[in-house]
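Notes for the one structure printed next.
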Amino acid sequence: LSFPVNDCSEEAINKMKKKFLQNLKPFHMLLPGFICPAADSCLPENVRVECVPVPYISRKKRSTENLLKISFDVKLQPSAELDENVENSIDANSMNQILEEVLAVASENAREVYSIPSIQNPQINYRLEAICRAGQLRINDTCINCPAGTYKDDISDSCMDCPASTYQEKEGLLYCLPCPVGYTTYQTRSKSFRDCKAPCPPGYYSKTSFEPCFPCPLNTFQESPRSQECTKCPHGLQTWKVGSNSSLDCTISCKPGFYSDTGLEPCIPCDFGFYQPHSEQKNCTICPNGTSTRMKGSVGNCEVINVCEEQHPCANGSKCVPVGNDYSCICSLGYFGRNCEETKYYCEEDHCLNNGSCKVVPGGYECSCPEGFSGKQCEINIDDCQPGLCQNGGECKDLIKGYECICSAGFGGLNCEINIFDCGLDPCLNGGTCFDKLEGYKCCCPPGFTGVHCEKKLERNLCDTVQCLNGGTCESNETDFNCLCKAGYEGVFCESDVDECLNHTCLNDGACINGINSASCQCSILFSGDRCEKALPKEFSLSFMSPSTANYAIVQNTKRLYSITVSFFLRTNYDEAMKRPTPLSYSYYDKEKNILMDNALTFYDTRGFIIYIHGEELHTGVKANHDFNWHHYALTWQRKGGKWSFFVDGKVAASGDGIGTENYMWPGMFVLGQEQDSLGGTFSTLEAFVGDITEFNVWDYALSENEIKSLPLMCGYIGNLIPWLQVSNNVHGNIQVSEKVDLCSSKGRCAVKNCNCLYSIKGNSDCSKRPVEDCTPNPCQNGQPCIEGDAYSYCNCSSGYDGKLCDYDINECQENNGNCSHFCTNTDGSYKCGCPENMTLSDDNHTCIDTTFCQVNGQIILDGQWWMSSCQECLCEKSQVICNDLQCSFIKCHPEETLMQFPGDCCPKCVSYSFCFVTPNHTVTTFGYSQLQFTDKCSYTLLEDCVHGHFSVRLDGDSNNLKVYQSCSVLQLNSTGEMLLDEENLVSPFKNDLFNVQSDNSSVLLSTHSGVYIQSYSNGEILLALPTDISKHACGVCGSLQEYNVQRHVSNSTSEEKNCILKLETDQDIFVTNQAATYPVNCLMLWIILLCFLIR
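First residue of the sequence shown: 184, per my numbering; consecutive thereafter.
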């Protein structure tokens, strides 16, 4: 296309190319009989926009100096029914159709780019060129398929014959298909799979050497495949079967007295009592009963003889027994065979197992077994495992001449008698604290480290416990975090939506709508624009100058309608054969039936209006093009009864009922100037409107006949659903918008003070009301109130009803299933949600939840199941969690027991205690009533749970600080009186699930969840108590008193561990028993303290 223009700047060229590409992007240039390739959908390619000077000769006739040239390529694929000669398949009408569509788009773009009301028609040049697809040859602009039996070779650009062993049944392909493995073809250029034949295998032949093949006859053979004949056997030789594939099959026949399965060599002589007088036989003839032959291989001569006496066939001292004309040998021990000719040596068969030695004895053999085995063949391994041999739960494994104890975790030694001290090698890294357990050990890691051995440095990331909301991202260092909020959000966790309306002013009474990082203005009916700054024209008309699919105005309806009124003025005298000008169409997608209704409400063919309502065709006989004067048209429809009326200039031209009684006007698209074949699109030039339209309005109810009579009398009425003013923002194509309307100048403008008059509206007045004549009596249905206003009255419908008189029940279930998660049931004025079996409604009355389980802290708990949570008994009952405080049962303790409640426990229990006492000079009285003394510089473990690793009590000899571990949480009591919990300062009294701490001026009393009680005095004395059942397996100085256990719990940085132990009174033992009177006193003191602690 070439447009004459003046401006040839690069900016104008680029702008034109950009708009041309944008407008053609959704454009499908379809021709009859052609289809679009799926890959590019007929989109233009290689779009080029350039500016060239007008030739000198042509310039004299033009006022412009340059030509704006637009060129592009479009690929179309002819459908199967078209002739392969593409140029002959596109007729002139088809080409004119596509040129007309492109011209409309290009002209509109050029007019907008150069800001001119019109532009001269361009010069149009086009060329059709056939583009052959793969597998075709181009000959004289015609694409020819390579025939069957050939393939297209792109290198030589020719059709090549399929080679041997391949074929091709179809035309126009780039390859040939291979025959199955072992098959081939007689010749090249094979066209069918049936041409693939298998060659004859060895032993077979045919005239073609291919199947069908025949087996070689008797006395012939063929050793090679793909043969046309078989070879005869040498003279005197023969075969015993057909299809012989080897010369070795040619052999001589058996002579008389001999036989074989085939009658040919190799042959077997006839046995005693049998004979064969003929050659080439497959069996021998048995002698008559009571007779036999004197030799094997007999050809006859059956006689009455005693084989056992005359032949003596049984060897090695065996006994011969005559059996008819045959015999049987009874072999001596150690021999076998028909004639007992074979010897059996038992010891050669390895009867003795496991290296046992074999000895032949009369009647068989005897085994001499090695140590550890028994049995006739030394097959039994003697079990060396005895009950109780492996201790501490060890499992005994029997071995050859011995056993092996597989010890339980934490034990070692030959018989698992040794409890392994797993912390001996200091396995905990980076300052981790090791706790010995019955099964291994446990490392409690210092802050900043983790892992089984505290080997991993823990990169502290506070973001692991922080959730930034609304798409925010978290960043942190070791002390703080920060949520980086997405635009439009603020707050510590990005929890607040920024009020964008604070800096967004809406003009002309527009209302600001806050969005995400944006704000928009909801303008009054008289204004538009981002800030409602643009006053909409109160009067204007649309002039559709040519029948082009590019010319239309489109307005969206977002409401589901139970009734409707459309009204507009129109003038046209356009009359062209085969054209069906359509001034108005409405289409929607029916969500209930899942179908597109493209003729939901259509004014079709101005030459004789056909009205479509919900797809039903109504012929009115009204001609809208009989003159070029303004005429008013209106249509009303209501679902109840399906009543409809068509008005021309305020008078009823046609009416009826029964249309769309089960339908709604679903949300959809109103289009002026085109008939829709899809939702808001797919137009045709045959149905494009030519003429003028003004004052198009839509109401969401059916106006009465009296109300419609007033509409043609003047301009300025507005629809409460779609007002005419809003159409001006949605005009497309080359439509002339005129703000001076001669119709309104002559008819005048409405001045009635009601909701339907434009000139009575001020600011953001509500124009959605549907006026009724009077509230007395109340015309509103379904118990809805009637509101009397200053200018008019109306029915105030609740959310469950709609319509001018609230006479339509809204089916909420049709929109997003009423927001119900499962079942939705419509009711009068409302709806209700329902659930399937084993589900019930949650508190929001919309969401169904499963009653077969409860979800607590991410865990699934089945219905009817009980569990404990924070000293409460909880029950899952029909998806609801019901918890009650735990009721502790009454317990009566024995005289030697005390009722105690440990930290973290819900109920008290009866406990008897064992006691340990540490003096200021580091003398320790243990649970076993032994006394030990250590030097001042020694650090040692007083108590430790060596089974589970739950607790440990450790004393530092240098500082006299006491550390109490419970489940890797450490409470430190310093000699200065300071208390720390996990390196954080602690103030007494204190209580959590692990520790309970109380203090006064002279001491600190603490207890742990494991039952450890400690009284630490300011003078350095320490009293410890532990439940007796736990103390039995407690390690440490107070607990287990084996020598190696004491040594492993005592350490000194400058000397050997043994140097920390001082012997008392005697050198005979490292442990000194001294049950002086001071010990019972100390125990009594601690016992009284514990009781006082409980009383507190």
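Glycine included, C-beta positions come from ideal geometry on N, C-alpha and C.
Computed from a predicted structure; not experimentally measured.
With fewer than 16 other beta carbons inside 10 angstroms of its own, K1174 counts as exposed.
Contact check for C704 against C689 passes: the beta carbons are separated by less than 8 Å. 8 Å or more divides the Cβ of Y769 from the Cβ of F866. In the DSSP annotation of this structure, the continuous segment of the alpha helix (DSSP H) that includes T1211 starts and ends at T1211 to S1214. S185 and K252 have their alpha carbons spaced roughly 4 Å apart. Across the structure, E888 and I918 are spaced so that their CA atoms are roughly 33 Å apart. I488 sits buried, since 16 or more C-beta atoms from the chains shown fall within 10 Å of its C-beta. The straight-line gap separating the alpha-carbon atoms of I1074 and K1092 is approximately 7 Å. Assignment of Q909 by DSSP, reduced to helix, strand and coil, places it in the helix class. Here P906 is buried, its C-beta having at least 16 other C-beta atoms within 10 Å.
Rounded to whole angstroms, the gap between the alpha carbons of Y366 and N428 is 20 Å. For S928, the enclosing alpha helix (DSSP H) starts and ends at D925 to K930. Assignment of N740 by DSSP, reduced to helix, strand and coil, places it in the strand class. Following the DSSP letters along the chain, one finds S1013 inside the beta strand (DSSP E) bounded by residues S1013 to G1017. In the three-state reduction of the DSSP assignment, M199 falls in the helix class. As DSSP reads the structure, T656 sits in a beta bridge with L667.
Residues of the same chain with a CB within less than 7 Å of the CB of K639, apart from the 5 flanking positions on each side, are F632 and T633 in chain order. Secondary structure at S392: coil, using DSSP grouped into helix, strand and coil. Pairwise C-beta distances place the segment 1102-1112 out of contact with the segment 1157-1176, as fewer than three of them are shorter than 8 Å. DSSP places N979 in the coil class of the three-state scheme, outside both helix and strand. Closest in alpha carbon position to K390, among Y369, S373 and A702, is Y369. A direct Cα-to-Cα measurement between V425 and N466 gives close to 21 Å. One alpha carbon belongs to P439, the other to S511, and they sit about 26 Å apart. Comparing alpha-carbon positions, the option among L886, V854 and I891 lying closest to V910 turns out to be V854. Secondary structure at A347: coil, using DSSP grouped into helix, strand and coil. With a cutoff of 8 Å on beta-carbon distance, L572 and Y586 are scored as near each other. A distance of 8 Å or more separates the beta carbons of N903 and R822. Here D533 is exposed: its Cβ has fewer than 16 other Cβ atoms, across all protein chains shown, within 10 Å.
Y1123 and Q1114 have their C-alpha atoms spaced approximately 15 Å apart.
Per DSSP, S893 is one residue of the alpha helix (DSSP H) stretching across E888 to S893. In its own chain, leaving out the 5 sequence neighbours on each side, no residue places its CB closer than 8 Å to the CB of S339. Taking C-alpha positions only, G332 is separated from P400 by approximately 38 Å.
In this chain, E493 is not harboured by any beta strand (DSSP E); it is covered by the alpha helix (DSSP H) spanning V490 to E493. For Y757, the three-state secondary structure derived from DSSP is coil. Less than 8 Å divides the Cβ of N913 from the Cβ of I737. Annotation: I601 to A1217 spans about 16 Å, alpha carbon to alpha carbon.
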